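Here's the structure we're looking at; comments come further down.
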Amino acid sequence: MLAYHAQTMHSYLSVRNKSHFMDWDHQPRQFKIYPEHFKRIILDKQNPKHQFFYLIGGLTAQKSYPGVTYALRTNPSAGALYPTEVYVQIRRVEGFIDGIYQLSPFESSLVLLHALDENEGIESFLGMKKVDGFIFLFSALYYRSSWKYRDRAFRYCLHDTGHMLGTLEASCMVHKKTYRILYGMDKKALNSLFGFGTEEFFLSCAIVGEETSCTCKALAMQLSFVNGTGTFESNTLIEETYRDTCELSLQKQTTQPSFHLDQERFKQAIWRRRSIRDFTQKPLSKEEFTQVMDFINEPIPSDCDVKIDIYAIINRVEGMWQGVYKEGVCLQSGDFARKAGYLCLEQALGAQSGVTFFLVGKDAKNYQAMVQKAGIIGHRLYLISEYLGFGCSGIGAYYDEEVAEFLASDGMVLYALAIGR
Ligand SMILES: Cc1cc2nc3c(=O)[nH]c(=O)nc-3n(C[C@H](O)[C@H](O)[C@H](O)COP(=O)(O)O)c2cc1C
1 MLAYHAQTMH SYLSVRNKSH FMDWDHQPRQ FKIYPEHFKR IILDKQNPKH
51 QFFYLIGGLT AQKSYPGVTY ALRTNPSAGA LYPTEVYVQI RRVEGFIDGI
101 YQLSPFESSL VLLHALDENE GIESFLGMKK VDGFIFLFSA LYYRSSWKYR
151 DRAFRYCLHD TGHMLGTLEA SCMVHKKTYR ILYGMDKKAL NSLFGFGTEE
201 FFLSCAIVGE ETSCTCKALA MQLSFVNGTG TFESNTLIEE TYRDTCELSL
251 QKQTTQPSFH LDQERFKQAI WRRRSIRDFT QKPLSKEEFT QVMDFINEPI
301 PSDCDVKIDI YAIINRVEGM WQGVYKEGVC LQSGDFARKA GYLCLEQALG
351 AQSGVTFFLV GKDAKNYQAM VQKAGIIGHR LYLISEYLGF GCSGIGAYYD
401 EEVAEFLASD GMVLYALAIG R
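This is the structure:
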């Protein structure tokens with residue numbers, strides 16, 4: 001097990017003993033805004049070319065509490081803190097200047113950070129030849145999350161970035177594009193080119209385009225630092241864990257997922273996606289559960305396809321025995337709804353769902369890729385639930401060791417999610 005994962009486990013005692021003061025007056029900003037002198041392309045939601053970008057983390061709703069208003073997005077986020085930032089290199093795409101852009105959800109715009117010379121690009125940092133099309137880069141501004149979740153926040157940065165990759169996958173599906181994810185890239189060099197301090201770091205990228213046979217030279221860009229959080233407190237454990245987990249061993253998956261869904265209905269599901277807050281406890285059907293499993297088990301093309309075990313606690317599915325299932329096999333039958341709720345830090349979501357999922361992995365050497373993949377699977381769960389007319393919520397808080405013991409697994413519990421009506 002990765003030491004970081006073990007150090008950031010929740011237990012019944014740890015959540016009761018660790019008191020943590022939340023400084024609401026100094027909450028980090030959720031949007032990184034580049035200075036005005038950078039040119040913008042304002043995204044027009046009616047323009048399909050722009051909509052492709054808009055679906056990747058774009059704003060879809062607002063939620064207000066006394067004194068705070070959150071802008072909600074196509075991606076969910078632990079605590080609605082949104083640590084993930086998205087950048088994109090665009091080359092030879094009609095209607096866009098070749099360049100490096102930031103995708104700004106706050107302004108609904110693409111901010112041109114650097115216009116590309118014909119022979120330069122970020123490809124050399126990814127070990128690739130010139131790519132015509134899009135190369136998306138995903139980073140995390142970790143203090144947005146560590147402000148609340150402290151050391152455990154590195155996990156949330158990875159989940160959230162996985163969800164953002166999930167929004168990219170969904171947008172590609174709607175816009176009939178193929179994609180593949182790369183976790184293996186020269187992150188240190190890219191962090192420096194983009195002018196990041198230690199508070200922001202790249203985690204992954206996605207290629208949506210064609211690799212040509214031409215080489216190109218390394219991007220000659222040096223951006224100045226832009227403060228993306230306002231306030232910042234460094235976290236040594238997170239920064240060290242990031243550095244220690246940047247290397248990975250390659251396990252390529254080249255097959256594209258094949259989703260057979262109604263495009264228009266799926267698009268609506270992307271726009272409407274929210275985290276369900278209460279379940280009515282009406283059951284799902286066995287057919288719906290099967291559709292969910294088929295959807296989430298489609299391949300995820302990437303250079304590091306880590307195995308993730310998906311455990312499903314069936315609480316309310318008509319036509320199925322209650323119990324713990326893995327890969328279609330019932331490991332333990334019985335009513336574990338209350339137990340599942342308890343394991344999710346006593347959250348009712350875990351007990352009242354149709355199904356509560358736990359995603360587990362063992363590959364500590366590929367930790368960054370593994371937890372992001374859990375986030376992508378989580379995103380698929382959200383979208384297929386919305387599409388089929390019920391709901392889903394991510395659950396990042398659970399008693400790690402007790403979950404593993406309950407599942408009789410020696411792996412790392414990476415993420416929990418609940419689906420149902
Ligand atoms: C990684 C992750 C962990 C989450 N953990 C919880 C949780 O433990 N409990 C909960 O009620 N919601 C949880 N959520 C849901 C968020 O609170 C929700 O995404 C956020 O408030 C934004 O709302 P929206 O998803 O409706 O857009 C989680 C979401 C993510 C992505």
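Quick note: the sequence shown, position 157, residue 157 per this note's numbering, numbers continuous. Backbone N, C-alpha and C define an ideal beta-carbon position, used for all residues, glycine too. Model, not experiment: these values are computed from the prediction.
>> Restricting to Cα atoms, I'd like to know which of R243, L112, D132 is closest to E94.
In response: As a first step, residue 94 is located in the sequence shown; it is residue number 94 there, counting from the start. It is D132 whose Cα lies nearest to the Cα of E94.
> Taking just the CA atoms, how far does I296 sit from I377?
Replying inline: Mapped onto the sequence shown, residue 377 falls at position 377. Mapped onto the sequence shown, residue 296 falls at position 296. Whole-angstrom Cα-Cα distance: 6 Å.
> Under three-state DSSP, which class holds D309?
Replying inline: To locate residue 309, count along the sequence shown from 1; it is residue 309. D309: strand per DSSP, three-state reduction.
>> Does C214 pass the burial test, meaning 16 or more other C-beta atoms within 10 Å, or should it be called exposed?
In response: Taking the first residue of the sequence shown as position 1, residue 214 is located at position 214. Exposed: under 16 other Cβ atoms inside 10 Å.
> Ordered along the chain, which non-local residues of its own chain (more than five positions away) have a Cβ less than 7 Å from that of T229?
Replying inline: The sequence position of residue 229 within the sequence shown is 229, counting from 1. Take T229, set aside five residues on each side of it, and the residues of its chain with a beta-carbon closer than 7 Å to its own are P28, R29, L141, Y143, R144, E199, in chain order.
> Across which residues does DSSP place C330 in a beta bridge pair?
Replying inline: What you label residue 330 is simply residue 330 of the sequence shown in a count that begins at 1. C330 is bridged to Y325.
> Leaving out five residues before and five after M221 in sequence, what residues of the same chain have Cβ atoms less than 6 Å from its Cβ?
Replying inline: Here the question's residue 221 lines up with position 221 in the sequence shown. Listed in chain order, the non-local C-beta contacts of M221 below 6 Å within the same chain comprise H114, L193, local neighbours out to five positions each way being set aside.
>> Beta-carbon within less than 6 Å of S224's beta-carbon, same chain only, minus the 5 sequence neighbours each way: which residues are those?
In response: Taking the first residue of the sequence shown as 1, we reach residue 224 at position 224. Result list for S224: G195, in chain order.
> Do the CB positions of V317 and K286 come within less than 8 Å of each other?
Replying inline: Along the sequence shown, read from residue 1 onward, the residue named residue 317 stands at position 317. Along the sequence shown, read from residue 1 onward, the residue named residue 286 stands at position 286. Against a cut-off of 8 Å, the Cβ pair of K286 and V317 comes out as a contact.
> What is the C-beta distance between Y156 and A78, in whole angstroms, given that I count them as a contact (C-beta under 8 Å)?
Replying inline: Locating residue 156 in the sequence shown gives position 156, counting from the first residue. Locating residue 78 in the sequence shown gives position 78, counting from the first residue. Their Cβ separation, rounded to whole angstroms, is 4 Å, which keeps Y156 and A78 in contact under 8 Å.
>> For ligand 1, I want to know if R16 counts as a neighbour, meaning its beta carbon is within less than 7 Å of at least one of the ligand's heavy atoms.
In response: Taking the sequence shown and counting its residues from 1, the one referred to as residue 16 is at position 16. Exclusion of R16 from the 7 Å shell around ligand 1 follows from its C-beta lying no nearer than that to any non-hydrogen atom of the ligand.
>> Suppose you measure from the CA of L110 to the CA of C344; what does that come to, to the nearest Å?
In response: On the sequence shown, position 110 is the one that residue 110 refers to. On the sequence shown, position 344 is the one that residue 344 refers to. Taking the straight line joining both Cα atoms gives about 38 Å.
>> Going by DSSP in three states, A189 sits in which element: helix, strand or coil?
In response: The sequence position of residue 189 within the sequence shown is 189, counting from 1. Helix at A189.
> Do Q368 and ligand 1 come close, with the Cβ less than 7 Å from some heavy atom?
Replying inline: Within the sequence shown, residue 368 is the residue found at index 368, counting from 1. Because no heavy atom of ligand 1 lies under 7 Å away, the Cβ of Q368 does not count as near it: no.
> Going by the CB atoms, is the gap between L414 and G361 shorter than 8 Å?
Replying inline: Here residue 361 is taken as the residue at index 361 of the sequence shown, counted from 1. Here residue 414 is taken as the residue at index 414 of the sequence shown, counted from 1. Cβ atoms of G361 and L414: closer than 8 Å.
> Quick one: complete beta strand (DSSP E) runs, 3+ long, within the segment 324-380?
Replying inline: Fully enclosed beta strand (DSSP E) runs of 3 or longer: 329-333, 355-361.
> Name the DSSP bridge partner or partners of Y425?
Replying inline: Outside the displayed range of the chain (1 to 421) lies residue 425, so it cannot be described from this structure.
>> Give me the residue from S275, F201, A312 with the minimum Cα distance to D335.
In response: By one-based count along the sequence shown, residue 335 stands at place 335. Comparing Cα positions, the closest option is A312.
> Which of helix, strand or coil does DSSP assign to Q256?
Replying inline: One-based indexing of the sequence shown puts residue 256 at position 256. The three-state secondary structure of Q256, taken from DSSP, is coil.
>> Assess contact between the segment 270-283 and the segment 67-78, defined as three or more Cβ pairs (one per stretch) separated by less than 8 Å. Is contact present?
In response: Per the Cβ contact rule, the segment 270-283 is in contact with the segment 67-78 (3 or more Cβ pairs under 8 Å).
>> Check for me: the alpha helix (DSSP H) holding E287 runs from which residue to which?
In response: Residue numbering aside, residue 287 sits at position 287 when the sequence shown is read from its first letter. Unbroken alpha helix (DSSP H) run through E287: 286-296.
> beta strand (DSSP E) containing S134: first to last residue?
Replying inline: Working through the sequence shown from its first residue, we reach residue 134 at position 134. The amino acid at residue 134 is misidentified as Ser; the sequence shows Phe. 131-141 is the span of the beta strand (DSSP E), which, as asked, contains F134.
> Can you tell which of V15, K39, Q368, M412 has the C-alpha that lies nearest to the C-alpha of L248?
Replying inline: Along the sequence shown, read from residue 1 onward, the residue named residue 248 stands at position 248. The residue with the shortest Cα to Cα distance from L248 is Q368.
>> So if DSSP puts Q102 in a beta bridge, which residue, or which two residues, is it bridged to?
In response: In the sequence shown, the residue the question calls residue 102 occupies position 102. Partner residues in the beta bridge of Q102, as assigned by DSSP, are Y87, V111.
> Going by beta carbon distance, what residues of the same chain come within less than 8 Å of Q7, once the five residues before and after it are set aside?
Replying inline: Within the sequence shown, numbered from 1, the residue matching residue 7 stands at position 7. Spatial neighbours of Q7 in its own chain (CB-CB distance under 8 Å, excluding positions within 5 residues in sequence) are listed in chain order as D151, L237.
> Which whole-angstrom value describes the C-beta separation of I56 and S139, a residue pair presumed to lie in contact below a C-beta threshold of 8 Å?
Replying inline: Position 56 of the sequence shown holds residue 56. Position 139 of the sequence shown holds residue 139. Between S139 and I56 the Cβ distance is about 14 Å, and since that is not below 8 Å, they are no contact.
> Below 8 Å, can you find three or more Cβ-Cβ pairs linking the segment 121-131 to the segment 38-55?
Replying inline: By the C-beta criterion, the segment 121-131 is judged not to be in contact with the segment 38-55, since fewer than 3 inter-stretch pairs fall below 8 Å.
> Between the beta-carbon of G121 and the beta-carbon of C205, is there less than 8 Å?
Replying inline: As a working note, residue 121 is residue 121 in the sequence shown. As a working note, residue 205 is residue 205 in the sequence shown. Cβ atoms of G121 and C205: not closer than 8 Å.
> Span of the alpha helix (DSSP H) holding V15?
Replying inline: In the sequence shown, the residue the question calls residue 15 occupies position 15. Here the alpha helix (DSSP H) through V15 covers 12-17.
>> Please identify the residue among W24, V226, A269, N191 whose C-alpha is closest to the C-alpha of C392.
In response: Translated into positions along the sequence shown, residue 392 becomes position 392. Residue A269 is the option with its Cα nearest to C392.
> Do you know offhand how far E118's Cα is from R91's?
Replying inline: The count along the sequence shown starts at 1 and reaches residue 118 at position 118. The count along the sequence shown starts at 1 and reaches residue 91 at position 91. In a straight line, the C-alpha of E118 is about 9 Å away from that of R91.
> Does ligand 1 have even one heavy atom less than 7 Å from the beta-carbon of A404?
Replying inline: In the sequence shown, residue 404 corresponds to position 404, counting from 1. Residue side-chain check: A404 keeps its Cβ at 7 Å or more from all non-hydrogen atoms of ligand 1.
> Since G184 and Q372 are thought to touch, with beta carbons under 8 Å apart, how far apart are those beta carbons, to the nearest angstrom?
Replying inline: Looking up residue 184 in the sequence shown gives position 184. Looking up residue 372 in the sequence shown gives position 372. Taking 8 Å as the upper bound for CB-CB distance, G184 and Q372 are not in contact here, some 13 Å apart.
>> Quick check: is any heavy atom of ligand 1 less than 7 Å from the C-beta of L349?
In response: For the purposes of this step, residue 349 is taken as residue 349 along the sequence shown, with counting starting at 1. Yes, ligand 1 has a heavy atom inside 7 Å of this Cβ.
> Between which two residues does the beta strand (DSSP E) containing F201 stretch?
Replying inline: Taking the sequence shown and counting its residues from 1, one reaches residue 201 at position 201. Going by DSSP, F201 is part of the beta strand (DSSP E) stretching over 200-211.
>> Taking DSSP's pairing of strands, which residues face K217 in a bridge?
In response: Mapped onto the sequence shown, residue 217 falls at position 217. The beta-bridge partner set that DSSP reports for K217 consists of E120.
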